[in-house]
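Visitor: Position in the sequence shown counted from 1, then plus 315, gives you my numbering.
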Amino acid sequence: MIFVEVAVPVPLRQVFTYQCEQLPEPGCRVAVPFGNRQLVGMVLGPAETPNDTSKIKFVTDVIDRTPLLNDTMLRLCHWLSQYYLHPIGEVIHTALPVLLRKGGSAEPVEEKWWQPVGDIDVHLGALKRSKRQAECLQLVATEALRDSELKTVFSSTVIRELEKKGFIAPDYRKPSLQPALWLEHFAVGSKPLPDREQSVAITAISQARGQFAPFLLEGVTGSGKTEVYLQAIEDVLAEGKQVLILVPEIGLTPQTVSRFAQRFGIDVGVLHSQLNDKDRLAVWQRARAGELGIVIGTRSAIFTPLRFPGMIIVDEEHDESFKQQDGLRYHARDLAVMRANSENVPLVLGSATPSLESLNNALANKYGHLHLTQRAGGASKTLQQLLDVRDQRMQFGLADGMINIMRQHLAMGNQVLVFVNRRGYAPALLCHHCGHSVDCHRCERPFTVHRSQHRLQCHHCGAVKPVPARCEQCGETSLMTAGVGTEQIEEGLSQLFPDKKQIRIDSDSVRGKDKLQRMLSDVNAQKYQLLVGTQILSKGHHFPHVTLVVIMDCDGALFSADFRASEKLAQLVTQLAGRAGRASKPGEMWLQTHNPGHPLLQDLIHNGYDHFARQLLDERQLAGLPPYQSQAVVRAEAANGELAWSFLQQARQLLCHDAVRTHGPLPCLIEKRQGRFRFMLVMQSTQRNAINAQLRHALPNITAMPLASKVRWSVDVDPSDFS
Ligand code: ADP
Ligand code: ZN
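1. Report all residues from its chain with a CB closer than 7 Å to the CB of TYR399; omit the five preceding and five following residues, and keep chain order.
2. Identify, in the order they occur along the chain, each residue of the same chain with its Cβ nearer than 8 Å to the Cβ of GLU336, setting aside the five sequence neighbours on each side.
3. When the distance is taken between beta carbons, is ILE866 closer than 8 Å to SER822?
4. With THR908 as the anchor, note down where its beta strand (DSSP E) starts and where it stops.
5. From what residue to what residue does the alpha helix (DSSP H) around ALA1008 run?
6. Using the beta-carbon of each residue, find all residues closer than 5 Å to any heavy atom of ligand 2 and list them in chain order.
7. Helix or strand or just coil, what does DSSP make of ALA576?
8. If you compare alpha carbons, which of GLU542, ARG416, ARG614 is closest to VAL355?
9. Verify the contact flag: ALA691, CB atom, against every heavy atom of ligand 1, threshold strictly below 7 Å.
10. Provide the residue(s) that pair with GLU259 in DSSP beta bridges, ordered along the chain.
11. Suppose contacts are defined by Cβ-Cβ distances below 8 Å. Is VAL345 in contact with VAL374 by that definition?
12. Could you pull out every unbroken alpha helix (DSSP H) segment of at least 4 residues lying fully inside the stretch 892 to 980, listed in chain order?
13. Check whether the Cβ of GLN513 lies closer than 7 Å to any heavy atom of ligand 1, and answer yes or no.
14. What ranges does the beta strand (DSSP E) occupy inside the stretch 853 to 891, keeping only unbroken runs of at least 3 residues that lie completely in it?
15. Can you list, in chain order, the residues of its chain whose CB lies under 6 Å from that of VAL948, leaving out five sequence neighbours each side?
16. With a floor of 4 residues, list each alpha helix (DSSP H) that falls wholly inside the stretch 511 to 583, ordered by position along the chain.
17. Using a 10 Å radius around the Cβ and a threshold of 16 neighbouring Cβ atoms, would you call THR491 buried or exposed?
18. On the CB-based measure, 16 or more other CB atoms within 10 Å of its CB, does GLU882 come out buried or exposed?
19. Just the Cα atoms here: how many angstroms apart are LEU671 and PRO563?
20. When DSSP builds the beta bridges, which residues end up paired with VAL847?
21. Grouping DSSP H, G and I as helix and E and B as strand, with all else coil, what is ASP367?
22. With a threshold of 6 Å on Cβ separation, who are the neighbours of GLY665 within its own chain once the five nearest residues in sequence on each side are excluded?
23. Considering only C-alpha positions, which residue in the set ALA743, GLN1002, VAL975, LEU958 is nearest to PRO982?
24. Following the continuous alpha helix (DSSP H) through SER673, name the residue where it begins and the one where it ends.
25. Give me the residue from HIS686, GLY433, ALA495, LEU931 with the minimum Cα distance to GLY537.
26. So LEU460 and LEU454 are supposed to be a Cβ contact under 8 Å. How far apart are they, rounded?
27. Any heavy atom of ligand 1 closer than 7 Å to the CB of PRO569?
28. Throw me the rounded Cβ distance for the ILE378 and CYS343 pair, which I believe falls under 8 Å.
29. Which full runs of the beta strand (DSSP E) of 3+ residues lie inside the stretch 695 to 779, going along the chain?
30. Less than 8 Å between the C-beta atoms of ARG488 and GLU425, yes or no?
31. With a threshold of 8 Å on Cβ separation, who are the neighbours of ALA928 within its own chain once the five nearest residues in sequence on each side are excluded?
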């Protein structure tokens, strides 16, 4: 008998020893008894012979004959576990596709394909009044398509309807898994001539092939960053190597995918949160087998194994969706740096508004710094201006001056985008008689009024309730809304501009698979003149006919307790401005504010993000904040706030260290959520390692504290927000 070290998905910071007849290779899964359960664990290597071998349990089953994770991926899992102080078993669990976590076979799974049936022209004739179905049929008729690929463009309903009519039929195939299969189809399509700055960037990245070389590609919105990625990966693919591209949650559009697929004439593996487990596993397997040249995905795609790694790209690297906010709280961008390093490949971090972390690394020459300062194809820069709303008459949150500017743009036949940072009708419901606000009692925050559904919703915990007829405190019927959300602006705009068509784009209105896609293409087909929406509108979409961007109000961010608020505000404003004036039409952006003299706004508007960000870096250095110092947060929450507070108070004693300053317990920015009171300890140091060492040292004792089992607590390394 031999002893093996197994990582098991349980919240304990240790590995476990089991007995086995033969040593499976590290990276193979095994089924093991754990307590009274059977769990799927992963073999890490041989274990030392324990003193008392009689208690050591046996591996029930060796699931894989060959390792699922290679050395590099296993090493990354170890790094994640150490750096984020997260149990190795849970790290590996997170890194695997769901079906493999459950012990499913790693053999290629059958994939569902669609193929056309019968006479397409006849069918198309019958589909005259179902445009989407006709489009879908046409696509399938050009070439058989995977269900997962088809669903990135069309909704399940459209596909189901076609199947019901007998115009298309499913076909189940096992992937062939031939390494570098894409080379057979590889052909570089037509491409624009890069401008001088693009050429410099493409050459620098392309020449770094075969070695670890991180780059920050800092390019203003619409400067042709994607074009740089496309041309820089050409040689990588031609050599038979694979490219992994990470994009923000909402930035993964069929247009992005097809831009890559069309340029090179190859399949692109797509990984996003709405994929079902089977399709996800199929992409994972094809990437691992080296069959896919390009894999594009959101945060967790960074765990995709690659047989022939060639390059990693993180687009919109500043985006907050790259940081996971529960469980293993990793940052996919930071993991990408580690991964590129261990795979020996170039890494490109691209953004118009780089995070201060990446910018700092570039300015310190740790990253190659590439610039695109001009918009591609002759588009001119968006003019950015502040609109002083003090003493102006306001209608539906818009100042008279603003409404006039909107009128001018609309009169010229252009589109206007109105950004509001809140969805719903109004962020609060107040009693006009006694001032009482209708709050969610679990979160102690005002309910948001959603008029379209006639209900109140808590945006912190999701609780809903009907709109009350009377004030619960004084009984009067004089309830009124306070503040404005997207629904109210929508209502207001239809009164102000009754002859213009408008569309609201927020997370309420884009529910459903390809709804956002359809809305965006309708906007670009100029079916609407007014666009109202939230953050979704700031994320990388091209709106060639928008010439005016209106930002309703973002004064709150100027006075936020979160030190990152000004960075986030600047990124948002700059990204929004970037939506206007893409094509030949010059664009402008107006920001309504009660604080036109505020130095942050002044600097941003007049000097642009790059200057603003460098100023902010100086301020962070003076204030001793990230990226100049490192942070970690220990959070605790409990229905009884006293317990959470005491837990952190005790933990703090254990975390004391000369090189680390620990603040707290402090209330989190959202002090109460879902009925639990929330507190945090903030650890900060000039030495990243000191925080890690101290946490590592103290965690066993913290875990052993009696209070540790009475509260929900977690460790967050490099926290990105303090809510
Ligand atoms: P970004 O990724 O920075 O938003 P894109 O690569 O999407 O920019 O480019 C914006 C638009 O400009 C696209 O329509 C693209 O095809 C076009 N474009 C990019 N580079 C060039 C170039 N060198 N010449 C002409 N058009 C270009
Ligand atoms: Zn709530």
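Just so you know, even glycine gets a beta-carbon here, dropped at the ideal spot from N, CA and C.
Guide: To lay it out plainly:
1. Taking the sequence shown and counting its residues from 1, the one referred to as residue 399 is at position 84. Hits under 7 Å: LEU643, ARG644, TYR645, VAL1032.
2. Here the question's residue 336 lines up with position 21 in the sequence shown. In chain order, MET316, ILE317 place their CB closer than 8 Å to the CB of GLU336, counting only its own chain and leaving out the 5 sequence neighbours on each side.
3. Reading the sequence shown from its first residue, position 507 is the one you call residue 822. Reading the sequence shown from its first residue, position 551 is the one you call residue 866. Their beta carbons are not under 8 Å apart, which means SER822 does not touch ILE866 by this criterion.
4. Walking along the sequence shown from the start, residue 908 turns up at place 593. First-last of the beta strand (DSSP E) with THR908: 903 to 908.
5. Numbered from 1 along the sequence shown, position 693 holds the residue referred to as residue 1008. First-last of the alpha helix (DSSP H) with ALA1008: 1003 to 1019.
6. CYS755, ARG757, CYS758, CYS773, HIS775, CYS776, ALA778
7. Against the sequence shown, residue 576 aligns to sequence position 261. Three-state DSSP puts ALA576 in a helix.
8. Start at 1 with the first residue of the sequence shown, and residue 355 comes out as number 40. If we check each option's Cα against that of VAL355, ARG416 comes out closest.
9. The count along the sequence shown starts at 1 and reaches residue 691 at position 376. Result yes, Cβ under 7 Å from ligand 1.
10. Any question about residue 259 goes unanswered here, given that the chain covers just 316 to 1038.
11. For the purposes of this step, residue 345 is identified with residue 30 of the sequence shown, where counting begins at 1. For the purposes of this step, residue 374 is identified with residue 59 of the sequence shown, where counting begins at 1. The answer is yes: Cβ separation under 8 Å.
12. 914 to 938, 956 to 970
13. For the purposes of this step, residue 513 is identified with residue 198 of the sequence shown, where counting begins at 1. GLN513 has its CB nearer than 7 Å to a heavy atom of ligand 1.
14. 861 to 866
15. Taking the first residue of the sequence shown as 1, we reach residue 948 at position 633. Correct list, in chain order: MET995, VAL997, ASP1031, PRO1034.
16. 511 to 522, 540 to 553, 569 to 579
17. Locating residue 491 in the sequence shown gives position 176, counting from the first residue. The sequence given here has Ser at residue 491, not Thr. SER491 is exposed by the Cβ-count criterion.
18. Mapped onto the sequence shown, residue 882 falls at position 567. Buried, by the Cβ-count rule.
19. As a first step, residue 671 is located in the sequence shown; it is residue number 356 there, counting from the start. As a first step, residue 563 is located in the sequence shown; it is residue number 248 there, counting from the start. Those two C-alpha atoms are separated by around 17 Å.
20. For the purposes of this step, residue 847 is taken as the residue at position 532 of the sequence shown. In the DSSP output, where bridge partners are listed per residue, VAL847 has VAL733, ARG819.
21. Locating residue 367 in the sequence shown gives position 52, counting from the first residue. Reduced to three states, the DSSP call for ASP367 is coil.
22. As a first step, residue 665 must be located in the sequence shown, where it is residue number 350. LEU532, LYS540, ASP630, listed in sequence order.
23. Position 667 of the sequence shown holds residue 982. Comparing Cα positions, the closest option is LEU958.
24. Position 358 of the sequence shown, counting from 1, holds the residue named residue 673. Where SER673 is concerned, the enclosing alpha helix (DSSP H) stretches over 671 to 678.
25. Looking up residue 537 in the sequence shown gives position 222. For GLY537, the closest alpha carbon among the candidates HIS686, GLY433, ALA495, LEU931 is that of HIS686.
26. Start at 1 with the first residue of the sequence shown, and residue 460 comes out as number 145. Start at 1 with the first residue of the sequence shown, and residue 454 comes out as number 139. The Cβ separation is near 7 Å, so the contact holds.
27. Within the sequence shown, the letter at position 254 stands for residue 569. For ligand 1, not one heavy atom lies less than 7 Å from the Cβ of PRO569.
28. As a position in the sequence shown, residue 378 is number 63, starting the count at 1. As a position in the sequence shown, residue 343 is number 28, starting the count at 1. Contact holds; Cβ gap of about 7 Å.
29. 698 to 703, 730 to 734, 743 to 746, 763 to 765, 770 to 772
30. Within the sequence shown, numbered from 1, the residue matching residue 488 stands at position 173. Within the sequence shown, numbered from 1, the residue matching residue 425 stands at position 110. Their beta carbons are under 8 Å apart, which means ARG488 touches GLU425 by this criterion.
31. Counting from 1 along the sequence shown, the entry for residue 928 is found at position 613. Closer than 8 Å at Cβ, skipping near neighbours: THR668, PRO669, LEU671, LEU674, GLU882, ALA885.
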